[in-house]
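Under mature numbering (1 follows the signal peptide of the UniProt record, and there is no 0), the residues of the sequence shown are numbered -24 to -1, 1 to 394, in order.
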Amino acid sequence: MKKILRTFKWALVSFLFFSCDACQDPDPNPKPEPGDEKKIVITTIATPTDQTLRSIHFLDENIGYAAGGDEDIVSDSTRGVILKTVDGGETWAKVFERKYRINDKDDRGVELKGGGFEMTSVFAKSANEVFATSFLGRIHTSKDGGETWSMQYSVEGDDVVNFYGRYNVLEDITFFDDNFGVVVGKRGNYLGLDPDTGFSAFTMDGGDVWIDILDGDPAEWRRASTNTINQQEVAMRNNPLTSAKRYGEKMLFLTGGLTNKGTLTTCDEYTIESQTNKWEVMTPKQDQSNAPKFVDSAIDGDFIVVVGNNGLRSPTTEKGAMFSSTTGKDWQPVPYGGDNKLTAVDVKGQTMVIVGINKGSNTEGPEFVSLSFDRGATWTRIEHDHNTADWKDVYMLSEKKMFMVGAEGLIMKLEVKE
C-alpha cells in the first residue's frame, strides 16, 4: 500500500513539474502555430535613375509609375523624373526626365518662373491618362500612357498651371473617378511661400480645368454679401495639406497641419458648389510637445490610418505618430514599437505597412519599415540592406506584395510568403 502511495505521489509531482508552463502568464509574443509562419522576401529593384523617388502608384497589378527628382544647388536647377513598370514592378523604365534651370522656357516659349520641378506625386487615372505634380505648382500630364508629357496651362492660356502665379507647393494628386480629382499642398504668394496656409484645387472634367477651392484672390475670400469668412478659408488656415483620399461615398479626407499640430480635414458631400460643403478640421489628441503633423493616410473600407512626423532631425526631439479610426471622426493612437518619424502608410485587409526614417541616433540600422498582419495590434520590424533609404512612399499591390521608394532611385519590393 505504501508503495502504491509513493508511486502516486511521484506521479503527481511529475505531473505538476512538467506542467508548470500552464501556470505561467501567456507569452506576450507567442510563436506562430505550425503553418502560420510568414516569410518576408525582400528584393531591391534596379532603376534607371539616381534621383529621389517620392511617389509610387499602380493602375492595376501590372502598370505602375514612380516619380521624383532632386534640386541641384550648384547648377541652380531641378530635375524631374518619372518611371513606369508594365510587369508589376519587376522592371522599370524611364518615361520622363527633364532638367529645368531658372527662367527656362516651355514649349511655347513662355518663361517658366520659380523652378521647383521635382516631382512630388503621380497618379495613373487610366491606361492612357497619367498625372504628376511638381514642387512649385505644376501639373504634368500624359495622354498616351507616359510616352509623351506636357504641362497643363491655365484657362487663360498665358501661363503654366501654377494657380494664380503664387507658386503653390503641390504635394499630392488623386482622382476619385473619371471626372473628379483633387490636388493639395501649401499655398504660396508672390513674395514667397506662405507655409501656414493649405492649398487645394479640384477638377470636375477629368483634369482639363482645375479650380482653386478658395476661388481667386485671398482678398476676396470673405464673401462680400455677408462679410463672413467662408468654410474653406477657415479649413485652410494654419493647415498646409499633404495628402488627399476619398472616404466613403462623398467625404474628402485630407492630412496636414503644422509641425506642432497635426490636422485631419474632412469635407462632407464634396461638390463643385463649394460654398455648400461641410468642412471640419480635427486635431487628434497628441502630446503637444513637438506634436507631429500628418503626412499620409490609407483607407480600406471604413478603416482609416494616418501617419506623420514633426519634421525635426534631433535624436532627442524628433518623433512620429500613428492614429486609426473606423468613423473618420474618432481617432485612437496606434503604438508601432518606436517613436521615429513615419512618412507613408498603406493597408489592405488585415495587413498594414509603414515606412519612415530612423532616429538620428541610429545611423547604421536598416531604414524603418514595419509590417502588421492584424491592423496594427502587433508589428514586425523588417531587416534589409538600406540604412539611408529616406523612404518617401509605399504602395501595396496586395496583402502579400508591396513596394516602397526613396533616395537615389531606390525601389524595394516586399513579398509575404506563407
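The C-beta atom is built at its ideal place from N, Cα and C for all residues, glycine as well.
Here the structure is a predicted model, which is why all the values come from computation and not from measurement.
Distance from Trp186 to Val159 at the Cβ level is roughly 7 Å; contact confirmed, criterion being Cβ atoms closer than 8 Å. With 16 or more neighbouring CB atoms inside 10 Å of its own CB, Gln208 falls in the buried class. Close CB contacts of Ala103 within its chain, under the 8 Å cut and outside five residues either way in sequence, are with Leu35, Ile39, Gly121 (chain order). Counting the other Cβ atoms within 10 Å of the Cβ of Gly161 gives 16 or more, which makes it buried. Inclusion of Thr239 and Val210 in the CB contact set at 7 Å is not warranted, their separation being larger than that value.
As the crow flies, the alpha-carbon of Leu112 is around 5 Å from that of Val145.
Runs of the alpha helix (DSSP H) lying entirely within the stretch 35 to 82 and spanning at least 4 residues: none are present. Ala383 has no beta-bridge partner at all, per DSSP.
The Cβ atoms of Gly44 and Thr67 lie no closer than 7 Å to each other.
Boundaries cannot be given for Met180, as no beta strand (DSSP E) includes it and DSSP labels it neither H nor E. Buried is the label assigned to Lys101, since at least 16 other Cβ atoms lie within 10 Å of its Cβ. Glu340: not part of any beta strand (DSSP E); DSSP gives it neither H nor E. A direct Cα-to-Cα measurement between Thr173 and Phe270 gives close to 15 Å. Membership of Glu209 in any beta strand (DSSP E) is not indicated; the residue belongs instead to the alpha helix (DSSP H) covering 207 to 212.
If you draw a 10 Å sphere on the C-beta of Val17, you find fewer than 16 other C-beta atoms in it, and that means exposed.
The closest CA to that of Trp367, considering only Glu343, Gly352, Met95, is found on Glu343.
In the DSSP assignment, Ser300 forms a beta bridge with Val281, Gln308. DSSP places His362 outside both helix and strand once states are collapsed to three, so it counts as coil. Rounded to the nearest whole angstrom, the CA to CA distance from Glu47 to Glu73 is 13 Å.
Of the residues assessed, Ala177 falls on the buried side of the cut-off, its CB having 16 or more other CB atoms within 10 angstroms. Met380 is positioned such that its CB atom lies no closer than 7 Å to that of Met372.
With a contact defined as Cβ atoms closer than 8 Å, Asn316 and Lys335 qualify at about 5 Å. When DSSP reads this structure, Val145 sits in a beta bridge with Leu112, Lys162.
Annotated as proximal: Ser219 and Ser273, with beta-carbon spacing under 7 Å. If you check the CB distance, Ala22 and Ile58 do not come in under 7 Å.
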